[in-house]
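Worksheet: the structure to be examined is printed underneath.
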Amino acid sequence: NDRVGEAIGKYFDRGFSGHVTVIKSGSRFSADCMIRLDSGASLQATGDAQDPTLAFEAAADRLETRLRRYKRRLKSHNSGNGNGEPTDIAYTV
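The sequence shown begins at 410 in our numbering and counts up by one.
Here's what the structure looks like:
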């Protein structure tokens, strides 16, 4: 399934590595997604469901949300004051 790869490609141009683990616990499945971006950031997400595919989809949704928030944080950090306009500062001598 390329869902995680597509989500990463949507927000980042660089490479990544990671793994997905699906564990059965009683009648439920738990999926754990862990990715490491080439920028050094590590993102992790989990999902639980009655079906292993649904558990993975839940984890992939959460991972995509974390990728979007991480990208937004990088953009706001790089833009300085956030709105891209110079700020007037009162100065008196």
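All C-beta atoms, glycine included, are put in the ideal place defined by N, C-alpha and C.
Which term fits residue i, buried or exposed, when burial requires 16 or more other beta carbons within 10 angstroms of its beta carbon?
i	result
Glu473	buried
Ile432	exposed
Leaving aside the five residues before and after residue i along the sequence, list all residues of the same chain whose C-beta is less than 7 angstroms from its C-beta, in chain order.
i	result
Lys450	Before going on, a small fix: residue 450 reads as Ala here, not Lys. Cβ within range, chain order: Tyr479.
Arg475	Leu452 and Ala454
Which same chain residues end up closer than 8 angstroms to residue i when comparing Cβ atoms and leaving out the 5 residues on each side of it in sequence?
i	result
Leu426	Here the sequence assigns Ser to residue 426, which means Leu is not the residue at that position. Within the same chain, Ser426 has close Cβ partners Ile444 and Arg445.
Ile417	Phe425, Ile444, Leu446 and Leu476
What does DSSP give as the partner residue(s) for residue i in the beta ladder?
i	result
Ile417	Bridge partners of Ile417: none, in fact.
In chain order, what residues of the same chain have a beta carbon less than 6 angstroms from the beta carbon of residue i, not counting five sequence neighbours either side?
i	result
Asp447	Arg423 and Gly424
Mind reading off the beta-carbon distance from residue i to residue j? Whole number of angstroms is fine, and I expect it under 8 angstroms.
i	j	result
Ser439	Thr455	6 angstroms
Gln459	Arg437	6 angstroms
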